[in-house]
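Engineer: The structure follows.
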């Protein structure tokens, strides 16, 4: 709506410079890394190459880690999408009962420092004598993803036209029929957005996975962390660049569903809950 | 039970078992004793808390607190400048800037840190550039130091500051700025007397969003700080993964949670008071 937009006096030049320097500081290392992955250096010359990428793809240990990451990501995001969507619908326009407990705990899982989250889960698994492995990683990932799905779907529910539900009820639909034929179809985009978001969160998680994964069942970030302890190499550049591209792909879903706003607003939940979409 | 409550059941159960219960367990474990070979012995003590308040650990805590404060401060200054110039750009540029700020943030933390290490490492552009310019440097000192930790922290948490601030700037009524200009205020006076007072809420929210994870950070100091920089998050992690002194680690994390809870409560009360005024 550019017509309504009021004029905005320019920020001072210093602020513009700070913006550009900041962007430079944020992006330069990643650019250098991608370049490093594409260059083959010999003592006296260098040339472009895809060799490091093929080395990554042919590394069985890395491919196993990738497989673990994808397996965990898909399982965790499916589970958290189902649980989170169900919770968002349950919270929608209801009062009392379970509501405060579910909402409160969802905030807890959002704002607690990752490290506390990680070690408390480790303690739980230890006491219940769960064997650490991909299952415990999935459980951990679901635990921190549910809230994000709840936020994404909840944001859609909050802006949904109430009269649609009322109309369904007036026409004699049961509660379940209303959900199934009216509410859920309208929620599909936000459910997909929430799912993509939780996959991204799961795929990117390092710290919590590091605490609760089993021996020899590393995900990609954990593998990268271990390899990085030994130093940098063109192969690691290639691996990191590939992961960067995968993140980028997940981002496409993510930006489309405007879930990324929810991501930040969820963390700043105490700030404001009724956020209006900006064009 | 209504259908709606049934929908809440899975999430409720999941949260109780995998969020609430673990926190309770940590609380309980913090009063237990470390077994001779690690692990937990169920004899009750407050020794872990006494130990947590010894000068060594208080020192580590103070250092982490300082780093978190400095990180928050830098993010605050950068965040205001960045979001201010973002919000006053053209609509098209605004979207681009937003993506440019969010993209590195959504990139895996380990990858970003790897990229930083590559940048400052032995064959990296920074050392090559310094050599080219003939500036003497200590190759190892460049790869691991507290400045790198700070750089890692600021670049990691900056988006948490920028996004709330940017959101507030978007809703800010810029005609106030025009009015101030007409009345002859210079740009800094406008910033401090017109803009910032109107962004208070976002400033606080952003600061908390940066401060809370900064305080417990483990990965960044671990990979960019070298062995010299023991911070609270590393201390807790070591207790769990290396020293195998879970009760002490649990006590340390309970203390961190209590501190953060107090901070959140203070913020809440301040907000409530402000709402009443």
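Chains as they are written, first to last, in UniProt numbering: chain D, 1 to 279; chain Z, 1 to 277.
Where a beta carbon is used, it is the ideal one built from N, C-alpha and C, also for glycine.
Please report the straight-line C-alpha distance between residue 134(D) and residue 226(Z), rounded to a whole angstrom.
Structural biologist: Working through the first chain from its first residue, we reach residue 134(D) at position 134. Working through the second chain from its first residue, we reach residue 226(Z) at position 226. Going from the Cα of residue 134(D) to the Cα of residue 226(Z) covers about 30 Å.
Engineer: Only counting runs of 4 or more residues, tell me where the alpha helix (DSSP H) segments fall wholly within the segment 93-133 of chain D, in order along the chain.
Structural biologist: 99-111 and 114-127
Engineer: Can you tell me where the beta strand (DSSP E) with residue 41(D) in it begins and where it stops?
Structural biologist: Position 41 of the first chain, counting from 1, holds the residue named residue 41(D). Unbroken beta strand (DSSP E) run through residue 41(D): 39-42.
Engineer: Using 10 angstroms around the beta-carbon of residue 109(D), count the other beta-carbons present and answer buried if the total reaches 16, otherwise exposed.
Structural biologist: Walking along the first chain from the start, residue 109(D) turns up at place 109. Looking at its Cβ environment, which holds 16 or more other Cβ atoms inside 10 Å, residue 109(D) is buried.
Engineer: Residue 34(Z) bridges to which residues according to DSSP?
Structural biologist: Residue mapping note: residue 34(Z) aligns to position 34 of the second chain, counting from 1. Residue 34(Z) pairs with 40(Z).
Engineer: Pull up the distance between the alpha-carbon of residue 72(D) and that of residue 209(D), whole angstroms please.
Structural biologist: Within the first chain, residue 72(D) is the residue found at index 72, counting from 1. Within the first chain, residue 209(D) is the residue found at index 209, counting from 1. Straight-line Cα distance between these residues: approximately 10 Å.
Engineer: Take every Cβ of the segment 84-103 of chain Z, pair it with every Cβ of the segment 229-238 of chain Z, and state whether three or more of those distances are shorter than 8 Å.
Structural biologist: The segment 84-103 of chain Z makes no contact with the segment 229-238 of chain Z; the number of CB pairs closer than 8 Å stays below 3.
Engineer: Please tell me whether residue 16(D) has its Cβ less than 8 Å away from any Cβ of chain Z.
Structural biologist: The sequence position of residue 16(D) within the first chain is 16, counting from 1. At least one chain Z Cβ lies under 8 Å of residue 16(D).
Engineer: Using DSSP bridges, identify the partner residues of residue 48(D).
Structural biologist: Translated into the one-based positions of the first chain, residue 48(D) becomes position 48. Bridge partners of residue 48(D) according to DSSP: 39(D).
Engineer: Got a sec: is the Cβ-Cβ distance from residue 136(Z) to anything in chain D below 8 Å?
Structural biologist: As a working note, residue 136(Z) is residue 136 in the second chain. Residue 136(Z) does not count as touching chain D.
Engineer: Nearest-angstrom Cα distance between residue 222(Z) and residue 188(D)?
Structural biologist: Counted from its first residue, the second chain places residue 222(Z) at position 222. Counted from its first residue, the first chain places residue 188(D) at position 188. Approximately 41 Å, taken between the alpha carbons.
Engineer: What is the rounded straight-line gap between the Cα of residue 244(Z) and the Cα of residue 83(D)?
Structural biologist: In the second chain, counting from the first residue as 1, residue 244(Z) sits at position 244. In the first chain, counting from the first residue as 1, residue 83(D) sits at position 83. So the alpha carbons of these two residues sit roughly 34 Å apart.
Engineer: Checking contacts by CB at 8 Å: is residue 206(D) closer than that to chain Z?
Structural biologist: In the first chain, the residue the question calls residue 206(D) occupies position 206. By this cut-off, residue 206(D) is an interface position.
Engineer: Residues in the same chain with beta-carbon distance under 8 Å from residue 41(Z), minus the five sequence neighbours each way, listed in chain order, please.
Structural biologist: Along the second chain, one-based indexing puts residue 41(Z) at 41. 32, 33, 34 and 35, listed in sequence order.
Engineer: Does the beta carbon of residue 85(Z) sit closer than 8 Å to a beta carbon anywhere in chain D?
Structural biologist: Here the question's residue 85(Z) lines up with position 85 in the second chain. At least one chain D Cβ lies under 8 Å of residue 85(Z).
Engineer: Indicate whether at least one CB of chain D lies closer than 8 Å to the CB of residue 253(Z).
Structural biologist: In the second chain, counting from the first residue as 1, residue 253(Z) sits at position 253. Taking Cβ atoms only, chain D reaches closer than 8 Å to residue 253(Z), which makes this a yes.
Engineer: Going along chain Z in order, which residues have a C-beta closer than 9 Å to the C-beta of residue 224(D)?
Structural biologist: For the purposes of this step, residue 224(D) is taken as residue 224 along the first chain, with counting starting at 1. Here the neighbours are 108, 110, 111 and 114.
Engineer: Tell whether a beta-carbon distance below 8 Å holds between residue 228(D) and residue 117(Z).
Structural biologist: As a first step, residue 228(D) must be located in the first chain, where it is residue number 228. As a first step, residue 117(Z) must be located in the second chain, where it is residue number 117. For residue 228(D) and residue 117(Z), yes; Cβs fall inside 8 Å.
Engineer: Short of 6 Å in beta carbon distance, which residues of its chain neighbour residue 195(D), apart from the five on each side in sequence? Order them along the chain.
Structural biologist: Within the first chain, numbered from 1, the residue matching residue 195(D) stands at position 195. 77 and 81, listed in sequence order.
Engineer: Can you tell me the Cβ-Cβ gap for residue 99(D) and residue 105(D), rounded? I've got them flagged as a contact below 8 Å.
Structural biologist: On the first chain, position 99 is the one that residue 99(D) refers to. On the first chain, position 105 is the one that residue 105(D) refers to. So it is not a contact: roughly 11 Å between Cβ atoms.
Engineer: Okay, do the segment 109-119 of chain D and the segment 175-182 of chain D touch, 3+ Cβ pairs below 8 Å being the bar?
Structural biologist: no
Engineer: Please list the partners that residue 27(D) has in chain Z, where partner means a Cβ-to-Cβ separation under 9 Å.
Structural biologist: Here residue 27(D) is taken as the residue at index 27 of the first chain, counted from 1. Within chain Z, the C-beta atoms nearer than 9 Å to that of residue 27(D) come from 100, 103 and 104, in chain order.
Engineer: In its own chain, which residues sit with a C-beta less than 7 Å from the C-beta of residue 254(Z), not counting the 5 before and 5 after it?
Structural biologist: Locating residue 254(Z) in the second chain gives position 254, where the first residue counts as 1. Non-local C-beta neighbours of residue 254(Z) in its own chain, meaning closer than 7 Å and more than five positions away in sequence, comprise 26, 27 and 30, ordered along the chain.
Engineer: Consult DSSP for residue 156(D) and reduce its assignment to one of helix, strand or coil.
Structural biologist: In the first chain, counting from the first residue as 1, residue 156(D) sits at position 156. Of the three classes helix, strand and coil, the one that applies to residue 156(D) here is helix, per DSSP.
Engineer: Run through chain D and tell me which residues come within less than 7 Å of residue 129(Z), C-beta to C-beta.
Structural biologist: As a first step, residue 129(Z) must be located in the second chain, where it is residue number 129. Within chain D, no residue comes near residue 129(Z); the closest Cβ sits about 11 Å away, beyond 7 Å.
Engineer: Here's the rule I'm using: 16 or more other beta-carbon atoms within 10 Å means buried, otherwise exposed. How should residue 237(Z) be labelled?
Structural biologist: Taking the second chain and counting its residues from 1, one reaches residue 237(Z) at position 237. Result: buried.
Engineer: Run down chain Z in chain order and give the residues with a C-beta less than 9 Å from the C-beta of residue 86(D).
Structural biologist: Reading the first chain from its first residue, position 86 is the one you call residue 86(D). 6, 7, 8, 9, 10 and 11, listed in chain order.
Engineer: Which whole runs of the alpha helix (DSSP H) in the segment 90-145 of chain Z are 4 residues long or more, in chain order?
Structural biologist: 91-106, 109-120, 125-132 and 139-143
Engineer: Does residue 114(Z) pass the burial test, meaning 16 or more other C-beta atoms within 10 Å, or should it be called exposed?
Structural biologist: On the second chain, position 114 is the one that residue 114(Z) refers to. The residue in question, residue 114(Z), is buried, as its Cβ has 16 or more Cβ neighbours within 10 Å.
Engineer: Could you give the first and the last residue of the continuous alpha helix (DSSP H) run that contains residue 274(Z)?
Structural biologist: Counting from one through the second chain, the residue named residue 274(Z) turns up at place 274. Per DSSP, residue 274(Z) belongs to the alpha helix (DSSP H) from 246-276.
Engineer: At the level of alpha carbons, what is the spacing between residue 257(Z) and residue 111(D)?
Structural biologist: In the second chain, counting from the first residue as 1, residue 257(Z) sits at position 257. In the first chain, counting from the first residue as 1, residue 111(D) sits at position 111. The straight-line gap from Cα to Cα measures roughly 11 Å.
Engineer: Taking C-alpha atoms, which residue in 200(Z), 39(Z), 190(Z) and 205(Z) lies nearest to residue 159(Z)?
Structural biologist: Position 159 of the second chain, counted from the first residue, corresponds to residue 159(Z). Out of 200(Z), 39(Z), 190(Z) and 205(Z), 205(Z) has the C-alpha closest to the C-alpha of residue 159(Z).
Engineer: Just to confirm before moving on: does the CB-CB distance between residue 140(D) and residue 74(D) stay below 8 Å?
Structural biologist: Along the first chain, read from residue 1 onward, the residue named residue 140(D) stands at position 140. Along the first chain, read from residue 1 onward, the residue named residue 74(D) stands at position 74. No, the Cβ-Cβ distance between residue 140(D) and residue 74(D) is not below 8 Å.
Engineer: Who are the Cβ neighbours of residue 204(D) in its own chain at under 8 Å, not counting the five residues just before and after it?
Structural biologist: To locate residue 204(D), count along the first chain from 1; it is residue 204. Cβ within range, chain order: 221 and 247.
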